[in-house]
Amino acid sequence: MIGIAGLRWDDVGHDTPALARLAATGAVGVLSVKALPAVTCPADGWLTLGAGARAQAYGAEREPCGGLLDLGPTDAARNARSRDGASLGALDTALDGGVEVSGPGAELAVVRSGPGPADQPVVVVDGGTLRAVDRSAALRTADAVVAQAVAARSAAVDLLVVGLSEAAGSDEPRLHVAIATGPSFPRGALTSSSTRRPPYVQLIDVAPTVLDRLALPVPEVMDGQPWRVSGPAPSITRLVDLDRKAGAQLATTVPFIVVFFSAAVGLFALACWRRRARLAEIIALTATGALGASYLANLLPWWRADSPLLALLAVVVPLALAVALLAARAPMIFALWGATRRPASRDDENQRGEPQVGGPAGPGSAVPAALVCGFVAAVLLGDLLTGAALQISSIAGYSPLIAGRFAGIGNVAFGVLAASVLLATAVFARRAVAVAAVAVVAVVVDGAPPWGSDVGGVLALVPAFFLLALLRTGRRVSIARLAAATLTGAAVVAAFALADWTRPAAQRTHLGRFVQDVADGTAGELLQRKAAAVFGLLFLSPVTALLPLLVAAVVYLVARPPAPLQAAFDASPAWRHGLLALGLACLLGFGLNDSGAAIPALALCVAIPATAAVAVRARRHPGAPRPARTAVPVA
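This is the structure we're talking about:
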């Protein structure tokens, strides 16, 4: 195993013939080197490689990374107490000291000095440290190390080459080189159960891969999963492009959200001030659909542009605007349709407090906003069913550089999904059976291991849909009923986890692996780490500490709205029901996920502009029928 700090795929080419030959014949992938710090410096990378879990060299130079390869006297204890509980040198421990090392980085990986005994089953070699600038000489040296290893190894030996950290002098994360060749690795794309997405692998997977190839058990202190080959090998050009896309997403996400939503707020305020209600509604609807459009933008290579931010805006804004314009025209079609259908009974009309005159889209209705929400939900659900290709390296998806997840649905996208599907369902699903039908689809797609694989999402969605069904049918809301819904959500998660556990170990997601941990009696430590992460997130910053209070304040405003907001709810009581259900989903999602702060934040990015669109439409049609104001029934 050769580790080369800072090695990226754009380094591999004519100037590195040994690496290029390996890449042309072996299994290849892009390596996420995420360790405990935001930027993985060389010392962090070596410690993480040897631990099989994210670690940190607390004495290493930071911002930008230095080339120091040193272990502080308290590093082992501090890593053991960290959120990932890394055990430094776990690979060497699992092999009973059977690791031969060469170079200071390799010594750091096994947490001991000296080469160790010769003729061991595992040899770890420090191939050098590249710098952010002036890389040529270090690259030639690293390539010579690889060439020497290739010449010396027998045909029965597997060879791994990893770019295990950022370069010295770098202050930004990148994706790096992963190459595996030998009898265990045919030509193809690398992947692992920790990513479930070829050709992505993680640095924490390297130690478990070594043990797996030696037919040795992987200790519980390791978080990674063994590499395996799945599918055809991507070209180096493709691997470089994946790195560029990931870097562009990380650099573009915050500027995009700030620029787009600041512009939307400013234009909306200007339109309201100029009494251009229709324009204000279109702006609000465009903002509502922007995150949904951002997923579709990943179908085009915006990250290759000289200015990725401008390219992304050039794709998202026209698409979201087109959806908004179509949705704004929909009420006229629905009104014509409603005029020809048989009206509901008077009792049903009075029970819901919704006028049936003119169909489901009377002039003050929430249909345009609900249609845009439906568009966003359809994009996300369709993406999950087809492999979630639009979420990876998307501004409202997940980043392989942060490495929270690589497949399924993340917390950012779940916030968008929860807001869009609950609000759309509230408007279009009038009966409990319709709400239940949508709930089944959303919960299964969100939670099933082959698709969303989202535990916290299921636990949040099931009670939220149950509350929505109660509100839409006028039934009394009680703590007992909500508790029963929560238990139902837990039962659904248990069913998904057991089904996943029945699959082969290499194909299991974190759901199936958790069941195995329960069977082995080791699940308690994982639950403690998750709980500590949730609690730590709450006090990570003043913003995250205030998020639950912000959601509670929004829920209170929805439950006891001021006059302007009440006018919108009078025009469409269903919208209020959807917001209350969304508030419950956000509170549960925040509390049940270790990075749950993203859920209410992203949900509000959909719900606030959508509610603004509903309010503007209600103001445009003051003559719309308004039922008497009623409180939400709570037992």
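Counting in my numbering, the sequence shown runs from 95 upward without gaps.
Backbone N, C-alpha and C fix where the C-beta goes; we use that ideal spot for every residue, glycine too.
Remember, it's a predicted structure, so these values are computed and weren't measured experimentally.
#1: For the beta strand (DSSP E) containing L253, list its first residue and its last residue.
#2: In angstroms, rounded to a whole number, what distance separates the CA positions of V227 and A482?
#3: Would the beta-carbon of A62 fall within 8 Å of that of A357?
#4: Leaving aside the five residues before and after D295 along the sequence, list all residues of the same chain whose C-beta is less than 7 Å from its C-beta, in chain order.
#5: So does the stretch 511-528 actually touch the stretch 699-707, counting three or more Cβ pairs closer than 8 Å?
#6: If I follow the unbroken beta strand (DSSP E) through Q296, where does it start and stop?
#7: So, is A657 buried or exposed, given that buried needs 16 or more other C-beta atoms within 10 angstroms?
#8: Which residues mark the beginning and the end of the alpha helix (DSSP H) in which A121 is found?
#9: With a threshold of 7 Å on Cβ separation, who are the neighbours of V470 within its own chain once the five nearest residues in sequence on each side are excluded?
#10: Three Cβ pairs or more, each shorter than 8 Å: is that satisfied between the stretch 486-503 and the stretch 386-405?
#11: For I96, list the residues DSSP reports as bridge partners.
#12: Report yes if the CB atom of E194 is closer than 8 Å to the CB atom of A171, and no otherwise.
#13: Name the residue from A149, D186 and A250 whose alpha carbon lies nearest to the alpha carbon of T168.
#14: Since S278 and G139 are thought to touch, with beta carbons under 8 Å apart, how far apart are those beta carbons, to the nearest angstrom?
#15: Within 10 Å of its beta-carbon, does A340 have 16 or more other beta-carbons around it, so buried, or fewer, so exposed?
#16: So what does T285 bridge to, in DSSP terms?
#17: So P402 and A342 are in contact, right, with Cβ under 8 Å, and what is the actual spacing, rounded?
#18: Within the continuous alpha helix (DSSP H) that includes I486, where are the two ends?
#19: Would you grab the beta carbon distance between V537 and V506 for me? Rounded to a whole angstrom, and I think it's under 8 Å.
#20: Could I get the ranges of all uninterrupted beta strand (DSSP E) runs contained in the stretch 493-524, with 3 residues as the minimum, in chain order?
#21: Closer than 8 Å, CB to CB, is A387 near chain E or not?
#22: Go through its chain and collect everything with a Cβ distance to V649's Cβ below 6 Å, but skip five positions before and after it.
#23: Below 8 Å between beta carbons: does that hold for L297 and S493?
#24: May I ask you to report which of helix, strand or coil DSSP gives T275?
#25: Rounded to whole angstroms, what is the Cα-Cα separation between P267 and A137?
#26: Sort G551, A463, V409 and V411 by Cα distance to R423 and report the nearest one.
#27: Which term fits W367, buried or exposed, when burial requires 16 or more other beta carbons within 10 angstroms of its beta carbon?
#28: Determine contact between the stretch 303-322 and the stretch 232-246, defined as no fewer than three beta-carbon pairs at a distance below 8 Å.
#29: Report the three-state DSSP secondary structure of E266 (helix, strand or coil).
#30: Identify whether E314 lies in helix, strand or coil by the three-state DSSP scheme.
Quick look at the numbers:
#1: As a first step, residue 253 must be located in the sequence shown, where it is residue number 159. Element bounds for L253: L253 to V256.
#2: The residue you call residue 227 lines up with position 133 of the sequence shown. The residue you call residue 482 lines up with position 388 of the sequence shown. Those two C-alpha atoms are separated by around 36 Å.
#3: The chain is shown only over 95 to 729; residue 62 falls outside these bounds and no answer can be derived.
#4: Walking along the sequence shown from the start, residue 295 turns up at place 201. In the sequence as presented, Asp is not what sits at residue 295; that position holds Val. Excluding positions up to five away in sequence, the list reads G123, L125, A272, L284, T285, S286, T289 and W321.
#5: yes
#6: In the sequence shown, the residue the question calls residue 296 occupies position 202. Taken as a continuous stretch (DSSP letters only), the beta strand (DSSP E) holding Q296 covers Y294 to Q296.
#7: Counting from one through the sequence shown, the residue named residue 657 turns up at place 563. Classification for A657: exposed.
#8: Looking up residue 121 in the sequence shown gives position 27. Counting along the chain, A121 falls outside any alpha helix (DSSP H), though it belongs to the beta strand (DSSP E) covering A121 to S126.
#9: Start at 1 with the first residue of the sequence shown, and residue 470 comes out as number 376. So the list reads G383, L385, G386, V510, S514 and V700, once near-sequence residues are dropped.
#10: yes
#11: As a first step, residue 96 must be located in the sequence shown, where it is residue number 2. Note: I96 sits in a beta bridge opposite V219 and V255.
#12: Taking the sequence shown and counting its residues from 1, the one referred to as residue 194 is at position 100. Taking the sequence shown and counting its residues from 1, the one referred to as residue 171 is at position 77. No; because the gap between Cβ atoms is not below 8 Å, this pair is not in contact.
#13: Against the sequence shown, residue 168 aligns to sequence position 74. T168 has its Cα closest to that of A149, out of A149, D186 and A250.
#14: Along the sequence shown, read from residue 1 onward, the residue named residue 278 stands at position 184. Along the sequence shown, read from residue 1 onward, the residue named residue 139 stands at position 45. Actually they do not touch by this definition, with Cβ atoms about 23 Å apart.
#15: Reading the sequence shown from its first residue, position 246 is the one you call residue 340. A340 is buried by the Cβ-count criterion.
#16: Reading the sequence shown from its first residue, position 191 is the one you call residue 285. In the DSSP output, where bridge partners are listed per residue, T285 has R322.
#17: Within the sequence shown, numbered from 1, the residue matching residue 402 stands at position 308. Within the sequence shown, numbered from 1, the residue matching residue 342 stands at position 248. Contact flag correct, Cβ pair sits at about 4 Å.
#18: Counting from 1 along the sequence shown, the entry for residue 486 is found at position 392. Careful: I486 lies outside any alpha helix (DSSP H) and carries neither H nor E.
#19: The residue you call residue 537 lines up with position 443 of the sequence shown. The residue you call residue 506 lines up with position 412 of the sequence shown. That belief does not hold up - the Cβ atoms of V537 and V506 are roughly 19 Å apart, past 8 Å.
#20: none
#21: The structure shown contains no chain E, having only a single protein chain.
#22: Translated into positions along the sequence shown, residue 649 becomes position 555. Excluding residues within five positions, the ones whose Cβ falls inside 6 Å are G677.
#23: In the sequence shown, residue 297 corresponds to position 203, counting from 1. In the sequence shown, residue 493 corresponds to position 399, counting from 1. Against a cut-off of 8 Å, the Cβ pair of S493 and L297 comes out as no contact.
#24: Numbered from its first residue, the sequence shown carries residue 275 at position 181. Looking at T275 - three-state DSSP - the assignment turns out to be strand.
#25: By 1-based counting over the sequence shown, the position of residue 267 is 173. By 1-based counting over the sequence shown, the position of residue 137 is 43. If you take the alpha carbons of P267 and A137, they lie about 15 Å apart.
#26: Here residue 423 refers to the residue found at position 329 when the sequence shown is read from its first residue. Minimum Cα distance to R423 is reached at A463.
#27: Working through the sequence shown from its first residue, we reach residue 367 at position 273. Counting Cβ neighbours within 10 Å, W367 comes out exposed, since fewer than 16 surround it.
#28: no
#29: For the purposes of this step, residue 266 is identified with residue 172 of the sequence shown, where counting begins at 1. Coil.
#30: Your numbering for residue 314 matches position 220 in the sequence shown. Reduced to three states, the DSSP call for E314 is coil.
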